[in-house]
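Right, one structure below, let's go through it.
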Amino acid sequence: REKRLTLPPSEITLL
Amino acid sequence: TGSPVPAPTATLVRVVKNANTLGIAIEGGANTRQPLPRIVTIQKGGSAHNCGQLKVGHIILEVNGISLRGREHKDAARIIAEAFKTKEKDHIDFLVVEPG
Numbered sequence: 075r076e077k078r079l080t081l082p083p084s085e086i087t088l089l
Numbered sequence: 017t018g019s020p021v022p023a024p025t026a027t028l029v030r031v032v033k034n035a036n037t038l039g040i041a042i043e044g045g046a047n048t049r050q051p052l053p054r055i056v057t058i059q060k061g062g063s064a065h066n067c068g069q070l071k072v073g074h075i076i077l078e079v080n081g082i083s084l085r086g087r088e089h090k091d092a093a094r095i096i097a098e099a100f101k102t103k104e105k106d107h108i109d110f111l112v113v114e115p116g
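Right, here's the structure in full:
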């Protein structure tokens with residue numbers, strides 16, 4: 075069974 | 017195959033501040049799916065693009081010797097922005113790795 079990703083995706087910042 | 021995966025080699029990339037913008041977009045940071053910041057865009061005409069050595073997909077380990085490990089996205093972005101803004105140096109040193 076596939077392990078679920080529980081961490082959220084990140085926002086993206088333009089620098 | 018059973019060959020071991022070689023450890024990714026960190027590369028030090030010096031970006032000279034020769035444009036008005038750094039010109040990278042990053043994603044990731046502590047407590048996200050991407051725990052270290054990753055370059056997702058490099059804008060033409062920015063200092064990073066002019067340098068020619070940074071690539072989309074590079075993961076940033078350090079900025080001017082400051083480790084980004086354990087830093088949340090906003091903190092990592094602030095460190096990079098301040099490194100670009102400061103007049104103390106005409107360049108930023110990025111320690112990057114290719115994703116494994």
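Heads up: the sequence lines are chains A and B, in that order. Residues in the first sequence are numbered consecutively from 75, following our numbering. Residues in the second sequence are numbered consecutively from 17, following our numbering. All C-beta atoms in this analysis are idealised placements derived from N, C-alpha and C, irrespective of residue type, glycine included. Just so it is clear, the structure is predicted and the values come from calculations on it, not from any experiment.
Asked	Found
Tell me whether V109 of chain B sits in a helix, a strand or coil according to DSSP, three-state version.	Just to set this straight, residue 109 of chain B is Asp in the shown sequence, not Val. D109 of chain B falls in the strand class under three-state DSSP.
Identify the residues that DSSP records as bridge partners of V29 of chain B: which are they?	B:F110
Count the C-beta pairs between the region 55-73 of chain B and the region 83-92 of chain B that are closer than 8 Å, then say yes if the count reaches three, no if not.	no
Suppose you measure from the CA of S19 of chain B to the CA of T37 of chain B; what does that come to, to the nearest Å?	42 Å
When you compare the CB positions of F100 of chain B and K33 of chain B, do they come within less than 9 Å of one another, or not?	yes
Buried or exposed: where does P24 of chain B fall if 16 or more other Cβ atoms within 10 Å of its Cβ makes it buried?	exposed
Is the beta carbon of T87 of chain A sitting closer than 9 Å to the one on E114 of chain B?	no
If I follow the unbroken alpha helix (DSSP H) through E98 of chain B, where does it start and stop?	H89 to K101
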